[in-house]
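Participant: Residue numbers (the working numbering): 739 to 925.
Glycine is no exception: its CB is placed at the ideal position from the N, C-alpha and C atoms.
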Amino acid sequence: GHQILPPLGQRGPAPVGMFLAAPRAPPPPDREGVQMFSQTAATAIERQVAEDLLAHRANHDPLTGLPNRVLFLEFLSRAIARTNRDRNRLAVLFIDLDRLKHINDGLGHDAGDEVLREMGRRLDAAMRPTDVVARFGGAELPVLRDGCEPERLVEHMRGGSVWWVVVDAQPQRGSGQAQVPQGSRAV
């Protein structure tokens, strides 16, 4: 036998699932309902995936995948509210990558884009999971650290927790790709 269950909190014939006692195709009268339910579920899933993608694109930088200005400001607003409520402190650090224009001019925009992506990855990896690294555009990478003394964030950055990208921006023959030496870091 089989049993058709109505949605939770609803009475009536609207099925949300069919449970069969043994694996087999549903009986002919129920096939159309099963197909309709499957199509409705597939449409709902596709719509949710599309909405999630749009929300991600609206709130994240397309190049680095980091939160954009809008999402960063939302995180900052929440952090300020928590700070006021808990009498905590927070730190906001603005990082502007120097000479990115020289890299773009000397090695091409693909190399500059790779430097931005790599810096975003390295900054994000060096921070706590609760910290926010974003990209405002250009070479601006702000960092929000909630519940932290600002001086400690600067020490954290100076202490070598972030491995910096060093690029020789001189025009070069060959592939035109940025060379990212392993083990290089800022002084």
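1. If you compare alpha carbons, which of 839, 787 and 817 is closest to residue 827?
2. Taking the CB atoms as reference points, tell me whether residue 863 and residue 834 lie closer together than 8 Å.
3. Could you spell out the range, first to last residue, of the beta strand (DSSP E) harbouring residue 813?
4. Can you tell me which of the three DSSP states residue 875 falls into?
5. Use the C-beta contact count for residue 810: other C-beta atoms within 10 angstroms, 16 or more gives buried, fewer gives exposed.
6. Where does residue 797 fall in DSSP's three states?
7. So for residue 760, helix, strand or coil by DSSP?
8. For residue 823, count the other beta carbons within 10 Å of its own beta carbon; 16 or more makes it buried, fewer makes it exposed. Which is it?
9. If contacts are defined as beta-carbon pairs under 8 Å, then residue 794 and residue 805 qualify, I think. What distance do you get, rounded to the angstrom?
10. Answer yes or no: do residue 858 and residue 870 have a C-beta to C-beta separation smaller than 8 Å?
11. How far does the beta strand (DSSP E) with residue 834 in it reach, from first residue to last?
12. Use the C-beta contact count for residue 693: other C-beta atoms within 10 angstroms, 16 or more gives buried, fewer gives exposed.
13. Determine, using beta carbons only, whether residue 861 and residue 881 come nearer to each other than 8 Å.
14. What does DSSP give as the partner residues of residue 882 in its beta bridges?
Facilitator: A quick look at the data gives this:
1. 817
2. no
3. Element bounds for residue 813: not the beta strand (DSSP E) but the alpha helix (DSSP H), 807-824.
4. strand
5. Burial call: buried.
6. Correct three-state label for residue 797: helix.
7. Note: residue 760 maps to coil in three-state DSSP.
8. So residue 823 ends up on the exposed side.
9. Incorrect: roughly 10 Å between the Cβ atoms, too far for contact.
10. Taking 8 Å as the Cβ cut-off, residue 858 and residue 870 do not qualify as a contacting pair.
11. Unbroken beta strand (DSSP E) run through residue 834: 828-834.
12. The structure shown has nothing for residue 693, since the chain only spans 739 to 925.
13. yes
14. 830 and 870
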